[in-house]
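Q: After the structure tokens below, expect a handful of questions from me.
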Amino acid sequence: MTQHELGDMEELQELDGAFEPEMTQQEEEASKENYKNAKLMNASGQTDKERRQIRKSQRLLQKTIAEGGESLELEKVRDENNAIFRKVLHTREAVLDGENIYLIAGRAIKKVDRLVQAPRYDADRLVSKLVQKCRAPGGYFDWDLLGSQAGVCFNAAPSNVSFLNGPLSDGKTLQVKQRAKRAPVQEDSEAEEENPEEVKGHTARDANQLSAIEQSMKDLHKTLRKRCNATFTENKRKLEEAHEGGEIPPKLKKKLKKGGMKIDAVQYLFNPNSFTQTVENIFHYSFLIKKGSASLKADKAGFGEHVGEEAPGGLFARYIPENTVQPTPKQAIVSLTMKDWRELCEAHNVTEGDLPHRKGSKKTKRAGLSQTLSQSS
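Once you know that position 353 of the sequence shown is 353 in full-length UniProt numbering, the rest is easy, because the numbers rise by one and skip nothing.
Okay, here's the thing in structure tokens:
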């Protein structure tokens with residue numbers, strides 16, 4: 001072919017490519033996928049025919065495993081599956097290999113279960129075998145023969161077995177302890193009966209007289225109501241002065257009703273002269289909270305901020321009237337040490353608590369003794 005003819009053929013090929021219809025997006029994706037599969041196949045070195053032959057062998061083996069009976073040799077089937085697996089290079093064939101492995105494992109489990117099962121005997125079979133083995137020449141059942149054969153299994157006493165009379169086959173004589181007989185108790189008919197002495201005066205308290213705890217709770221409630229009412233009146237007066245005797249705005253009036261009655265709980269409950277009485281006051285006050293007559297809450301600021309005064313936050317106690325809707329009760333465990341008690345009294349400048357000091361405590365006696373010594377010196 002001359003050079004001129006080759007040039008004409010190249011021009012014709014270019015013209016054919018120019019008039020070739022364009023491929024759609026789906027056709028392009030399919031073409032790319034086929035190219036990718038062909039590239040993978042070329043990389044693995046397997047053709048479609050070889051892969052079909054591998055899958056055919058795997059399916060035949062799968063059928064053999066599923067239809068094989070008790071005579072199926074699992075080791076032989078396993079080796080055959082391993083030999084096929086050495087040729088597997090793609091996911092499709094690997095899935096079939098996994099199914100075959102699953103079937104082989106299931107057949108192996110069933111075979112092992114049959115091996116470990118204990119032999120079963122029924123009553124008719126046992127009796128027929130005993131009659132066959134222990135029949136005497138005269139036609140009767142030879143019990144001596146059965147005893148001699150079965151006694152081999154029970155020719156020794158079991159170890160570590162004991163009964164009420166001691167260990168089995170110990171060989172030692174059992175020693176029984178002799179207990180001394182108790183002398184019968186003789187009642188003295190001439191003895192005089194003695195009654196316990198009657199203690200008088202321990203229940204002489206009047207029914208209307210309150211106990212110490214009840215009296216303490218009554219004093220707590222009375223002092224709380226008095227202090228809260230006084231605080232509310234003072235805060236109301238300050239608000240009226242701040243607005244030059246005019247009407248208090250509804251927003252401030254609402255805040256006055258909500259927080260104008262709260263007082264400093266440390267000043268109210270703490271006794272700077274007695275840690276014990278401080279703990280008692282807190283304990284008794286918890287019953288008022290449980291009853292719904294009082295509350296104890298920690299706030300970030302006091303009510304004084306609404307009247308232009310310094311109002312640091314802290315722990316506040318509040319009196320709750322009887323007709324107020326009670327909130328959901330909450331419980332809390334509070335730890336209070338003597339160090340905390342002293343630091344709180346100093347921080348709040350508590351020199352004398354709102355609750356009176358109860359006389360007769362050891363703290364009062366020590367304070368009186370120290371005052372007497374200082375005066376005498």
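Yeah, the Cβ is synthetic: ideal placement off N, Cα and C, and Gly gets one too. Values in this document were obtained by computation on a predicted structure and should not be read as measured data.
#1: On the premise that K262 lies in contact with A317, defined as a C-beta separation below 8 Å, what is that separation, rounded to the nearest angstrom?
#2: Compute the Euclidean distance between the alpha carbons of L89 and G69, then round it to the nearest angstrom.
#3: Roughly how many angstroms separate the alpha carbons of F287 and Q277, rounded to a whole number?
#4: Are the stretch 90-105 and the stretch 49-56 touching by the rule of at least three beta carbon pairs closer than 8 Å?
#5: Whose C-alpha, out of K76, L296, E75 and F275, is nearest the C-alpha of T337?
#6: Taking Cβ positions, are H357 and S293 nearer each other than 8 Å?
#7: For a minimum of 4 consecutive residues, which ranges assigned as the alpha helix (DSSP H) are wholly contained in the stretch 210-253?
#8: For R135, list the residues DSSP reports as bridge partners.
#9: Let me confirm a value: K359 is counted as buried when at least 16 other C-beta atoms fall within 10 Å, else exposed. Which label applies?
#10: Below 8 Å on the Cβ atoms is my guess for V266 versus L344; work out the distance and round it to an integer in Å.
#11: Comparing C-alpha positions only, which one of G147, Q175, F232 and I65 sits nearest to E99?
#12: Counting only the same chain and skipping the five closest in sequence on each side, list residues whose C-beta sits under 8 Å from that of H243.
#13: Taking Cβ positions, are Y285 and R225 nearer each other than 8 Å?
#14: Is D340 helix, strand or coil when you go by DSSP?
#15: Would L145 pass as a contact of C153 if the rule is Cβ separation under 8 Å?
#16: Work out the CA separation of Q149 and residue 378 for me, nearest whole Å.
#17: Per DSSP, what kind of secondary structure is D299 in: helix, strand or coil?
#18: Measure the Cβ-Cβ separation of G314 and D264 and say whether it is below 8 Å.
#19: What's the gap between the Cα of F270 and the Cα of V279?
#20: Along the alpha helix (DSSP H) that carries A332, what are the first and last residues, could you check?
#21: Quick one: grab the DSSP three-state call for Y102.
#22: Kindly indicate which three-state DSSP category G68 falls into: helix, strand or coil?
#23: Quick check: the Cα distance between A212 and D219, rounded to an integer number of angstroms?
#24: When burial is assigned at 16 or more other CB atoms within 10 Å of the CB, is A204 buried or exposed?
#25: What span of residues does the alpha helix (DSSP H) with Y268 cover, start to end?
#26: With a threshold of 16 other CB atoms inside 10 Å of the CB of L115, please say whether the residue is buried or exposed.
#27: With DSSP as the reference, label R318 as helix, strand or coil.
#28: Count the other CB atoms, across all protein chains shown, that sit within 10 Å of the CB of N281; report buried if there are 16 or more and exposed otherwise.
#29: Exposed or buried, A207, counting other C-beta atoms within 10 Å across all chains shown (16 or more means buried)?
#30: Please tell me whether V77 and L61 are closer than 8 Å, where the distance is taken between their beta carbons.
#31: Which residues in the same chain as D340 place their Cβ atom closer than 6 Å to its Cβ, once the five residues preceding and following it in sequence are excluded?
#32: Nearest by alpha-carbon distance to residue 382: which of D113, N81 and Q326 is it?
#33: What separation, rounded to the nearest whole angstrom, lies between the Cα atoms of G109 and D124?
#34: Among the candidates Y121, D79 and R86, whose CA atom is the shortest distance from the CA of I104?
A: If we stick to the structure as given:
#1: 7 Å
#2: 31 Å
#3: 16 Å
#4: yes
#5: F275
#6: no
#7: 212-242
#8: F141
#9: K359 should be labelled exposed.
#10: 5 Å
#11: I65
#12: P249
#13: No, the pair does not count as a contact, with Cβ atoms beyond the cut-off.
#14: Three-state result, D340: helix.
#15: no
#16: Because the chain in this structure spans residues 1 to 377, residue 378 falls outside the shown range and cannot be described.
#17: strand
#18: yes
#19: 8 Å
#20: First-last for A332: undefined, no H or E at that position.
#21: helix
#22: coil
#23: 11 Å
#24: With a pLDDT of 49 at A204, under the threshold of 50, the predicted position of this residue should be treated as unreliable, though the coordinate-derived value follows. Exposed.
#25: A265 to L269
#26: L115 should be labelled exposed.
#27: strand
#28: buried
#29: Confidence in A207 is poor, its pLDDT being 49 and thus under 50, which makes the residue's placement unreliable; the coordinate value appears in the next sentence. Exposed, by the Cβ-count rule.
#30: In contact: V77 and L61 (Cβ atoms closer than 8 Å).
#31: Cβ neighbours of D340 beyond the five flanking positions: none.
#32: Nothing can be reported for residue 382: it is not among the residues displayed for the chain, which extend from 1 to 377.
#33: Residue identity differs from the one stated: residue 109 is Ile in this sequence, not Gly. I109 and D124: Cα-Cα distance of roughly 32 Å.
#34: D79
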